[in-house]
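For the record, the sequence lines run as chains A and B. Mapping of the first sequence onto my numbering: position 358 corresponds to residue 665, and the numbering continues sequentially without gaps. Mapping of the second sequence onto my numbering: position 277 corresponds to residue 584, and the numbering continues sequentially without gaps. Yeah, the Cβ is synthetic: ideal placement off N, Cα and C, and Gly gets one too. Small disclaimer: the values here were computed from a predicted structure and weren't measured. Here is the structure we will look at, set down as structure tokens.
Number of protein chains: 2
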Amino acid sequence: MKQDLDALMSQRDLDAAVVTGSVYNNPSMYYMTNGARLSGGILVKRRGQEPVLLHSPIERDEAAKSGLATIDIAEFDYAALRRASESDLEASVKFYRKIFDRLELAGRVAFYGKVEQGASFALLTALDQALDGVTIVGEYENDLFDAARATKDPAEVTRLRRVGQATGAVMREMIDFMRGHAVARRSHDGAEVELLVKSDGTPLTVGDVKRFGWSRLLANELEDPEGMIFAIGRDAGVPHSHGEAEDPICLGRSIVFDFYPREMGGGYFHDMTRTFCLGYAPPEVQKVYDDVYACFEQVVAALEPDAPTRRYEALTCDIFEAQGHNTHRKDHSVQEGYVHWLGHGVGLKLHERPGFGLSPANQDTLRPGSVITIEPGLYYPSQGFGVRIEDTIYLDEGGEFHSLTEFEKKLVVEL
Amino acid sequence: MKQDLDALMSQRDLDAAVVTGSVYNNPSMYYMTNGARLSGGILVKRRGQEPVLLHSPIERDEAAKSGLATIDIAEFDYAALRRASESDLEASVKFYRKIFDRLELAGRVAFYGKVEQGASFALLTALDQALDGVTIVGEYENDLFDAARATKDPAEVTRLRRVGQATGAVMREMIDFMRGHAVARRSHDGAEVELLVKSDGTPLTVGDVKRFGWSRLLANELEDPEGMIFAIGRDAGVPHSHGEAEDPICLGRSIVFDFYPREMGGGYFHDMTRTFCLGYAPPEVQKVYDDVYACFEQVVAALEPDAPTRRYEALTCDIFEAQGHNTHRKDHSVQEGYVHWLGHGVGLKLHERPGFGLSPANQDTLRPGSVITIEPGLYYPSQGFGVRIEDTIYLDEGGEFHSLTEFEKKLVVEL
């Protein structure tokens with residue numbers, strides 16, 4: 308949580324944290340600037356002090372909306388520095404020197420934010436050499452803001468809960484949208500199949516369903532920045548296949564619908580997956596669905612506060628192997644069976660801490676304020692199907708786990 | 308253009324370019340992977356060779372859609388490297404060493420892509436030290452992909468043109484949406500004003516207009532990733548004020564509507580601004596509008612192939628100063644008058660090359676394939692208004708300039 312920042316900075320021996328870049332798709336900047344709509348900026352958090360936001364003069368109104376102390380960067384007159392320099396890099400070093408002096412930054416100063424890495428590497432290397440009494444730090448793994456964001460405060464949970472409710476409601480509307488279409492027999496890919504058709508008799512497609520979903524997301528002030536997965540049949544057997552827009556919606560085939568919208572304009576994600584068969588399920592799909600469902604239920608029932616996440620990754624492998632499936636634990640290049648990780652944290656990033664690696668190096672635990680996915684799945688692309696079930700789950704301060712995903716788990720959608 | 312990459316690599320003395328990160332909001336990765344929906348990956352372009360895409364096994368289908376040669380990173384077995392290492396950073400260095408060996412990368416290898424800068428700084432510093440015969444390069448300004456993307460090939464122009472047409476069409480629908488509302492007299496902020504009202508008698512708000520616009524963008528397969536500017540009155544006087552969702556739409560006030568949607572799911576932007584007054588314009592706004600319009604027309608008429616962009620920034624300052632306005636050239640911290648730059652390139656980034664800085668260090672020119680904005684504006688927040696007019700303009704191979712923005716320039720919207 309944000310309130311942990313000073314303690315986390317002490318643990319990491321950091322005197323200051325500097326975040327740069329726009330707030331868009333830059334979770335650390337968004338986190339620290341409270342949703343202000345800034346196309347750029349420099350956020351400085353000194354240990355034991357309130358953060359300060361440096362902003363462009365033309366963004367002064369938006370900067371003020373952050374509620375933070377602000378400094379207009381016009382004060383540092385980059386244009387004059389540029390005129391007195393041989394290169395942009397030289398001018399930028401002078402510019403940062405003035406900022407470091409103004410804010411009395413010294414010691415170990417770490418940089419954060421999603422920006423162009425080549426430019427950043429050039430600048431940070433130059434600053435490290437140029438600034439006396441300053442060591443520029445780059446944290447490789449589980450950085451300061453990853454660690455802070457790994458647990459959510461009550462205001463964040465309120466937003467995450469609303470996104471979860473709206474996401475489930477939109478998924479339901481999308482299912483009902485499909486159910487509102489007639490079934491027809493058509494030949495497709497050389498076989499006679501049953502599929503959904505529109506009023507003009509043409510097949511309903513994956514693209515039609517996604518477009519309807521986007522319009523319903525919009526009505527709920529949500530967006531789909533990374534593109535939902537709606538993958539049918541063999542595509543459902545490859546976890547990150549997004550589905551083909553032109554594919555018809557056939558009955559009796561597994562549909563993996565992985566849905567991870569975000570609050571409009573940046574903000575908090577939800578992440579949920581359901582696997583459906585329209586009309587009826589082939590027995591081999593039902594069997595694998597039952598295996599995944601049993602695994603999901605066992606893993607969720609076993610969740611305990613303060614437990615290491617890798618315990619649940621191992622438990623998932625235990626369960627699937629006992630059911631007779633191959634897993635990534637037995638074969639790291641597995642493509643049939645359990646081929647990906649059990650879950651991940653969810654927040655301003657779709658994938659954040661904690662992680663669920665099996666390695667003893669993974670020291671992440673479930674803590675009060677953790678918001679995680681649990682998403683076991685089994686994939687049989689060679690047999691033309693895959694199954695995944697996923698909820699987003701919150702561990703509260705009292706040690707209780709709550710699903711933020713409101714949607715039943717049922718394979719067959721009756722038409 | 309992409310076809311220039313080898314020549315640009317030679318100029319920069321680069322043996323290889325490595326792009327990392329997801330394709331989302333990461334223009335260099337999107338550019339090189341042809342719109343494949345990859346949540347992560349490593350793209351390697353060796354000078355004189357076709358690019359190679361390294362991908363996660365669960366994204367093999369999406370990777371194949373790039374049309375590039377692909378390598379599944381399961382081959383490098385990160386998990387085994389991690390077990391044999393003390394830290395993630397150590398394991399990552401071993402992982403990249405295997406990749407560099409496999410692809411025979413040596414010499415000057417530059418990294419690109421929008422990623423977390425702290426982690427990147429740690430990794431690139433470690434790679435530079437660990438890999439013999441390799442120098443890790445970070446380009447600070449106008450990097451390889453900025454330079455390639457500064458001119459667009461015909462396929463890109465086709466997409467940019469379509470986005471421009473659709474953006475103009477949606478702006479028109481939004482204007483018509485406002486015109487479809489009745490006018491009423493109400494008290495607002497302590498004054499009696501005329502404003503637009505909904506059928507239930509409550510004021511139409513900026514938020515209502517934006518929501519309607521989002522639904523129309525969606526219907527045109529566009530998105531609004533950075534949030535349109537729809538700023539009224541005093542807010543219109545601060546270039547990057549986005550406008551207040553709860554503000555009513557009052558007659559006779561300047562509305563700066565800066566609209567910069569993007570193809571759905573990432574892709575090409577358009578950028579256009581119109582300034583409107585509903586019903587009637589106060590004389591002081593009309594006067595400033597006429598000044599900005601005259602400036603826009605004179606600058607566009609003066610555009611020439613191969614001319615330095617800074618010539619037009621200077622011309623804009625000349626025109627506005629002759630009209631009696633203050634400019635950033637006379638006062639770098641100006642807040643009333645001409646307070647920002649004339650334009651910028653537009654493409655996979657909303658702001659890309661060429662730039663329009665006044666400094667002699669700005670060597671950017673207008674070239675065949677350039678797609679730029681021309682957006683002079685005058686801002687008087689203390690008088691409660693601002694004006695900006697902006698088109699996106701393309702310079703073709705034959706030396707002709709074409710506006711990609713299809714929308715008339717007229718201050719008063721008749722009700």
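* Check each residue of the stretch 407 to 429 of chain A: if its Cβ is closer than 8 angstroms to any Cβ of chain B, include it; give the result in chain order. => Ala-417, Phe-418, Tyr-419, Gly-420, Lys-421, Val-422, Glu-423, Gln-424, Gly-425, Ala-426, Ser-427, Phe-428, Ala-429
* Span separating the alpha-carbon of B/Tyr-686 from that of B/His-639 -> Reading the second sequence from its first residue, position 379 is the one you call residue 686 of chain B. Reading the second sequence from its first residue, position 332 is the one you call residue 639 of chain B. Computed Cα separation, rounded: 15 angstroms.
* Which of helix, strand or coil DSSP assigns to A/Phe-663 -> Sequence index remark: in the first sequence, residue 663 of chain A carries index 356 (1-based). In the structure shown, A/Phe-663 sits in coil (DSSP, three-state: anything other than H, G, I, E or B).
* **Burial state of B/Ser-317, where buried means 16 or more other Cβ atoms lie within 10 Å** => In the second sequence, counting from the first residue as 1, residue 317 of chain B sits at position 10. It is exposed - the Cβ of B/Ser-317 has fewer than 16 other Cβ atoms within 10 Å.
* CA-to-CA distance, B/Tyr-385 to A/Asn-669, given in whole angstroms -> Working through the first sequence from its first residue, we reach residue 669 of chain A at position 362. Working through the second sequence from its first residue, we reach residue 385 of chain B at position 78. A/Asn-669 and B/Tyr-385: Cα-Cα distance of roughly 14 angstroms.
* Grab the span of the alpha helix (DSSP H) containing B/Glu-620 for me, first residue to last. => Numbered from 1 along the second sequence, position 313 holds the residue referred to as residue 620 of chain B. Looking at the DSSP string, the run of the alpha helix (DSSP H) that includes B/Glu-620 is 616 to 629.
* Return the residues of the stretch 635 to 658 of chain B that lie within a Cβ-Cβ distance of less than 9 angstroms from chain D, sorted by chain order. => Absence of chain D from the displayed structure is noted, the protein chains being A and B.
* Decide if B/Lys-421 is buried, meaning its Cβ has at least 16 other Cβ atoms within 10 Å, or exposed. => Taking the second sequence and counting its residues from 1, the one referred to as residue 421 of chain B is at position 114. Flag for B/Lys-421 reads buried.
* Step through the CB atoms of chain A and report whether any lies within less than 8 angstroms of the CB of B/Val-599. => Taking the first residue of the second sequence as 1, we reach residue 599 of chain B at position 292. Closer than 8 angstroms: no.
* Asked: Which residues in chain A sit within 9 angstroms of B/Asp-450, going by Cβ to Cβ distance?
  -> Numbered from its first residue, the second sequence carries residue 450 of chain B at position 143. By Cβ distance, chain A contributes Glu-423, Gly-425, Ala-426.
* Per-residue burial, B/Tyr-343 [other beta carbons within 10 Å of its own, 16 or more giving buried] -> For the purposes of this step, residue 343 of chain B is identified with residue 36 of the second sequence, where counting begins at 1. The sequence given here places Ala at residue 343 of chain B; Tyr does not occur at that position. With 16 or more other Cβ atoms within 10 Å, it is buried.
* To do: Pull up the distance between the alpha-carbon of B/Gln-424 and that of A/Ala-429, whole angstroms please.
  => By one-based count along the second sequence, residue 424 of chain B stands at place 117. By one-based count along the first sequence, residue 429 of chain A stands at place 122. Cα to Cα, B/Gln-424 sits roughly 11 angstroms from A/Ala-429.
* Asked: Which stretch, first to last residue, makes up the beta strand (DSSP E) that contains B/Tyr-686?
  -> In the second sequence, the residue the question calls residue 686 of chain B occupies position 379. Taken as a continuous stretch (DSSP letters only), the beta strand (DSSP E) holding B/Tyr-686 covers 684 to 687.
* To do: Could you please give the first and the last residue of the uninterrupted alpha helix (DSSP H) stretch that includes A/Phe-452?
  => Counted from its first residue, the first sequence places residue 452 of chain A at position 145. Its alpha helix (DSSP H) spans residues 451 to 456.
* Asked: Helix, strand or coil: how does DSSP classify A/Ile-681 here?
  -> Locating residue 681 of chain A in the first sequence gives position 374, counting from the first residue. Correct three-state label for A/Ile-681: strand.
* **Identity of the residue in A/Gly-573, A/Ile-679, A/Asp-578, A/Gly-559 nearest A/Phe-566 by Cα** => Here the question's residue 566 of chain A lines up with position 259 in the first sequence. Residue A/Asp-578 is the option with its Cα nearest to A/Phe-566.
* Measure the alpha-carbon distance for B/Val-641 versus B/His-635 and round it to whole angstroms. => Working through the second sequence from its first residue, we reach residue 641 of chain B at position 334. Working through the second sequence from its first residue, we reach residue 635 of chain B at position 328. The straight-line gap from Cα to Cα measures roughly 6 angstroms.
* Can you pull the DSSP bridge partners for A/Gly-644? -> Along the first sequence, read from residue 1 onward, the residue named residue 644 of chain A stands at position 337. A/Tyr-686, per the DSSP bridge assignment.
* Asked: Quick one: does B/Ser-346 have its CB under 8 angstroms from some CB of chain A?
  -> The residue you call residue 346 of chain B lines up with position 39 of the second sequence. With 8 angstroms as the cut-off, B/Ser-346 counts as an interface residue toward chain A.
* Using a threshold of 8 angstroms, state whether the C-beta atoms of A/Glu-551 and A/Val-500 are closer than that. => By one-based count along the first sequence, residue 551 of chain A stands at place 244. By one-based count along the first sequence, residue 500 of chain A stands at place 193. Result no, Cβ atoms of A/Glu-551 and A/Val-500 do not sit closer than 8 angstroms.
* To do: Could you check what DSSP says for B/Leu-315 in three-state terms: helix, strand or coil?
  => Residue 315 of chain B sits at position 8 when you count from the first residue of the second sequence. Three-state result, B/Leu-315: helix.
* Whose Cβ in chain B lies nearer than 9 angstroms to the Cβ of A/Ser-522? -> Locating residue 522 of chain A in the first sequence gives position 215, where the first residue counts as 1. Ordered by position in chain B, the residues that pass the 9 angstroms Cβ test against A/Ser-522 are Ser-522, Leu-525, Ala-526.
* To do: Enumerate, from N- to C-terminal direction, the unbroken beta strand (DSSP E) stretches of 3 or more residues contained entirely within the stretch 356 to 398 of chain A.
  => 359 to 362, 376 to 379
* Along the chain, where does the alpha helix (DSSP H) that runs through A/Phe-603 open and close? -> Within the first sequence, numbered from 1, the residue matching residue 603 of chain A stands at position 296. Here the alpha helix (DSSP H) through A/Phe-603 covers 590 to 609.
* Find the residues of chain B that neighbour A/Glu-721, judging by a C-beta separation of less than 9 angstroms, and give them in chain order. => Stepping through the first sequence from its first residue, residue 721 of chain A is reached at position 414. Going along chain B, no residue has its Cβ under 9 angstroms from A/Glu-721, so there is no contact; the nearest lies around 30 angstroms.
* Tell whether a beta-carbon distance below 8 angstroms holds between B/Pro-688 and B/Val-592. => Within the second sequence, the letter at position 381 stands for residue 688 of chain B. Within the second sequence, the letter at position 285 stands for residue 592 of chain B. No, Cβ-Cβ distance for B/Pro-688 and B/Val-592 is not below 8 angstroms.
* Is B/Thr-726 near B/Glu-682, with beta carbons less than 8 angstroms apart? -> The requested residue 726 of chain B does not occur in the structure, where chain B is confined to residues 308 to 722.
* Verify whether the separation of the beta carbon atoms of B/Asp-542 and A/Asp-368 is less than 8 angstroms. => In the second sequence, residue 542 of chain B corresponds to position 235, counting from 1. In the first sequence, residue 368 of chain A corresponds to position 61, counting from 1. Yes, they are a contact pair.
* Give me the Cα-Cα distance between A/Tyr-338 and A/Leu-655, rounded to the nearest whole angstrom. => Looking up residue 338 of chain A in the first sequence gives position 31. Looking up residue 655 of chain A in the first sequence gives position 348. Their backbone Cα atoms lie some 8 angstroms apart in a straight line.
* Asked: the stretch 544 to 558 of chain B: which residues have C-beta closer than 9 angstroms to a C-beta of chain A, in chain order?
  -> Val-545, Pro-546, His-547, Ser-548, His-549
* Proximal chain A residues relative to B/Pro-532, where beta-carbon distance stays under 7 angstroms -> The residue given as residue 532 of chain B occupies position 225 in the second sequence. Chain A residues near B/Pro-532: Tyr-331.
* Compare the Cα-Cα distances from A/Ser-710 to each of A/Gln-472, A/Ile-539, A/Met-481, A/Gln-630 and report the closest residue. => Taking the first residue of the first sequence as 1, we reach residue 710 of chain A at position 403. Of A/Gln-472, A/Ile-539, A/Met-481, A/Gln-630, the residue nearest in Cα terms is A/Gln-472.
* Asked: Going by DSSP, what residues sit across from A/Tyr-419 in a beta bridge?
  -> To locate residue 419 of chain A, count along the first sequence from 1; it is residue 112. DSSP output for A/Tyr-419 lists A/Val-326 as bridge partner(s).
* **Extent of the continuous alpha helix (DSSP H) to which A/Ala-476 belongs** => Sequence index remark: in the first sequence, residue 476 of chain A carries index 169 (1-based). Residues 461 to 486.
* At least one CB of chain B closer than 8 angstroms to the CB of A/Arg-367: is that the case? -> As a working mapping, residue 367 of chain A is identified with position 60 in the first sequence. Yes, its Cβ sits closer than 8 angstroms to a Cβ of chain B.
* With a cut-off of 8 angstroms, do at least 3 Cβ pairs link the stretch 658 to 674 of chain A to the stretch 553 to 573 of chain A? -> no
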